[in-house]
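Before any comments, here is the structure.
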Amino acid sequence: MAFYVMLIKVNEDNQGVTYNFGTDPEHLGKIRLDKHDGKIQEVEAVNSENYHHILTRAMVKLRQHWKAGTFPDHTCWAS
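Structure below.
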């Protein structure tokens, strides 16, 4: 099964960064990453039958950016 999960930055401060994420721009969830320890918290769920798969891929992509020390305005997971 192929996946494309978009992540769009909505807020960034010294503590963390928040992204909207999902496969459909009309139905996005929200996740927040703590810049200090890399912990990711779901703020708002995606309304999708593939919810868990979408969330997992968004978290993996966001953790990759945390390890690289970059937080782009737009990024994605594609497989």
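Numbering (my numbering), first residue to last: 50 to 128.
C-beta atoms are modelled at their ideal positions from N, C-alpha and C, and glycine is treated no differently.
These figures come from a predicted structure and were not determined experimentally.
Straight-line Cα distance separating residue j from residue i
| i | j | result |
| --- | --- | --- |
| E98 | T105 | 14 Å |
| H114 | F120 | 6 Å |
| R112 | G87 | 7 Å |
| K110 | C125 | 7 Å |
| L77 | E61 | 18 Å |
Buried versus exposed call for residue i [16 or more other C-beta atoms within 10 Å across all chains shown]
| i | result |
| --- | --- |
| V54 | buried |
| K116 | exposed |
Nearest to residue i (by Cα), restricted to the options the options
| i | options | result |
| --- | --- | --- |
| I89 | Q64, S128 and L77 | Q64 |
| K79 | L56, D122 and G118 | L56 |
| D83 | G71, M108 and A51 | M108 |
CB contact below 9 Å: residue i versus chain D
| i | result |
| --- | --- |
| D83 | Any reference to chain D falls outside this structure, which holds one protein chain only. |
Residues that DSSP places opposite residue i in a beta bridge
| i | result |
| --- | --- |
| F70 | L56 and G78 |
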